[in-house]
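Okay, so here's the structure we're looking at.
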Amino acid sequence: MGESALSAIFGMATPQFQFSDRPLHRSLIPPLENGDRLNSIEFERRYQAMPGVKKAELVEGVVYMASPLRFEPHAEPYGDLIGWLWSYKIATAGVRLGDNPTVRLDLDNEPQPDAVLLIDAQVGGQSYLGEEGYIEGAPELVAEVAASSASIDLGDKKRAYRRNGVQEYLVWQVFDQRIDWFSLQNGEYVVLPPDAEGVIRSQVFPGLWLNHTALLQGQMAQVLTTLQQGLNSNEYRSFGQRLQGNRKD
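Convert by adding 940 to the 1-based position in the sequence shown; the result is the number in my numbering.
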């Protein structure tokens, strides 16, 4: 039956069908969602397909998406923490500071901590920058401001950092007005206690001294005064000399 016969029967023009050259099935990358269980390869594939997302983490195989950040519970204390670490970094050749970097720890863990302080690989550091610019391995020190995420930062994330060899882990629990600074000793995290003057001293970064009471109270001038005392110490000078002696040509 020809086209004219069909037109006569139905009283209308025969519809003309056009077919697209596009394949019927397109491969779409699923979005990241809180609670997704992924390995680091699939996590990165989805993360890279979502340029509008600024912070997502993979912790023990589970995806965590950042919520909007309030000023006082996170942004302000985070700024103070970075200021303290930055002051140490600029005084110490061979030490590098990162703000929210992606850290490739293992197949199930790719966190994006608030801050990392690391020893450059050229002077003996235990982590390095891979070809794609991500940190590979465990930085010497990781710091987190834990407002609403304290259970994550002190639970699965802490275990992942410990297992992968992060030497020191500092957690500022804003709502609890508490700072815990953990040191990896014999495969376990031990809290570094403050001395009689309320100062906590890093075991990995000599001279990195923290007046934790002053930091909790927002007294940054006192925080930096205490840090300067650490930078004037003999242990700090020896550390700087050791780093330069390790430098690879």
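All C-beta atoms in this analysis are idealised placements derived from N, C-alpha and C, irrespective of residue type, glycine included.
Owing to the predicted nature of the structure, the values given are computational and were not obtained by experimental measurement.
Residue burial is scored here from C-beta neighbours: Ser1178 has fewer than 16 other C-beta atoms within 10 angstroms and is therefore classed as exposed. As a beta-bridge residue in DSSP terms, Arg977 pairs with Val1002.
The bridge partners DSSP lists for Gln1143 come to none. Counting only runs of 4+ residues, the alpha helix (DSSP H) found wholly inside the stretch 1013-1082 occupies 1016-1031, in chain order. Contiguous alpha helix (DSSP H) elements confined to the stretch 1094-1174 occur at 1096-1104, 1152-1156 and 1160-1171, taking only those with 4 or more residues. Taking all protein chains in view, the Cβ of Ala1033 is surrounded by fewer than 16 other Cβ atoms within 10 Å, so the residue is classified as exposed. In the pairwise beta carbon analysis, the stretch 967-984 is classified as touching the stretch 1036-1053: at least three pairs are separated by under 8 Å. When the beta-carbon positions are compared, Val1163 and Pro1017 stay at least 8 Å from each other. The alpha-carbon of Leu998 is positioned some 6 Å away from that of Tyr1004. Residues Gly1001, Val1002 and Val1003 of the same chain have their beta carbon placed closer than 8 Å to that of Arg977, with the five preceding and five following residues left out of the count. As computed with DSSP, Ala996 is found in a beta bridge with Met1005. Bridge partners of Ala1086 according to DSSP: Gln1113.
Note on geometry: alpha-carbon atoms of Asp1120 and Asp1039 lie some 20 Å from one another.
In this structure Gln1143 touches Glu1108 by the C-beta definition: roughly 7 Å separates them, less than 8 Å.
DSSP, reduced to helix, strand and coil, places Arg1010 outside both helices and strands of the structure shown, so it counts as coil. Taken through DSSP and simplified to helix, strand or coil, Ile969 comes out as coil.
By the Cβ neighbour-count rule, Arg1010 is exposed, with fewer than 16 other Cβ atoms within 10 Å of its own. If you draw a straight line from the Cα of Leu1156 to the Cα of Asp1116, it is about 10 Å long. Closest option to Ala1031, judged by alpha-carbon separation, among Arg1182, Gly1185, Tyr1176 and Lys1188: Tyr1176. Contact annotation, Pro1013 with Met990: C-beta distance approximately 25 Å; criterion of less than 8 Å not satisfied.
For the options Val1063, Val1111 and Leu1069, the alpha carbon positioned closest to that of Val1085 is the one of Val1111. With respect to Ala1083, Val1106 sits apart: the two C-beta atoms are not nearer than 8 Å. In this structure, Leu1057 lies near Val1035, with their beta-carbon atoms less than 8 Å apart. Setting aside the 5 residues that flank it on each side, His1152 is surrounded in the same chain by Ile1119, Pro1134, Gly1138 and Ile1140, each with a C-beta closer than 7 Å to its C-beta; the list follows chain order. Less than 8 Å separates the beta-carbon of Ile1022 from that of Ala1055. Here Trp1024 is near Leu1167, since their CB atoms are less than 8 Å apart.
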